[in-house]
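Residues 1 to 177 (the working numbering) make up the sequence shown, in order.
The beta carbon of each residue, even a glycine, is placed where N, CA and C say it ideally should be.
Single-structure report; data block below.
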Amino acid sequence: TSHQHGDVCIWNYDPQRRTDSFNVSKESIMPSYSLSNKVHSVKVISRKKWFVAGTSDGVIHVYNYDNKIQKLRSFRAASDCFITSMAIHPTRPYVLSSAHRGMKLWDWDNDWECTQSFVQEHSDTIQQVAFNPVDSNMFASTSDDHTVKGLEHRFSRIKIYFVWASGQSELSQFLHM
């Protein structure tokens, strides 16, 4: 779980107990932000025994949790804005991140290279991204502009499959997986 004071907590599902906790803010690559650095999104990459944490300074931190929690790297994923959401591709080495009105696809097999950017896809802040569980070449994003957009990432340019406008609470439930 992530917390507004920069903490990440690791939980064991069976006994429902916290097994570890640490502060990502103290390890920020942007020291000027470290005191107020919030963790907005944490995702587990179980096949690698990693987790990623997106923070308010626009940085994604990568950790190994195999035996002991170990920081592998940090990289700037957004400038002048925070990471709002991340999604892990179910089969490929990709993390999809969102920040403000844009999204980026990161390839961990290629030293966390940004392989695709989706800029200004929404007219307001993107709040959540998720890969389609049936067709993993597609993903959806929700935004404060009260839309859900379905997009495809397999080609060099994106293809928008649908735009759905509604109330924000309904949008969040639509993408909750």
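Same chain, Cβ closer than 7 Å to residue i, neighbours up to 5 away in sequence not counted
i	result
M103	L96, S97, F118, E121, I126, V129, S141
A99	G58, A77, A78, C81, F82, I83, T84
V44	F51
S143	H122, D124, T125, I126, Q127
Cβ-based neighbour list, residue i, same chain, cut-off 6 Å, excluding 5 preceding and 5 following
i	result
A53	V8, V24, V39, V42, H61
D145	H122, S123, D124
P31	Any reading at P31 needs caution, since the residue's pLDDT is 47, under 50, leaving its predicted position unreliable; the model's value is listed next. Result list for P31: empty, nothing under 6 Å.
R101	Q120, H122
A87	L96, V129, A130, F131
Y33	Residue placement at Y33 is poorly supported in this model, since its pLDDT is 45, which falls under 50; the coordinates still yield a value, given next. Contacts found: D57.
R73	V62
P15	none
Sheet register partners of residue i (DSSP bridge)
i	result
Q70	N64
Y94	D107
Q128	T142
I83	Looking at the DSSP assignment, I83 forms no beta bridge with any residue, so it has no partner.
K43	V52
A99	G102
T115	Note: T115 sits in no beta bridge, so no partner.
V59	R76
Contact belief for residue i with residue j at Cβ below 8 Å, rounded distance in angstroms
i	j	result
P90	S136	5 Å
Pair within 7 Å by beta-carbon distance, residue i and residue j
i	j	result
N64	W50	yes
W112	F82	no
T115	D109	no
Spatial neighbours of residue i in its chain, beta-carbon cut-off 8 Å, leaving aside the 5 residues before and after
i	result
M138	F131, N132, G150, L151, E152, H153, Y161
Beta carbon proximity, residue i to chain D, threshold 7 Å
i	result
D145	The structure shown has no chain D; it contains just one protein chain.
Check: residue i C-beta below 6 Å from any heavy atom of the ligand MN
i	result
S136	This structure lacks the ligand MN, and indeed carries no ligand of any kind.
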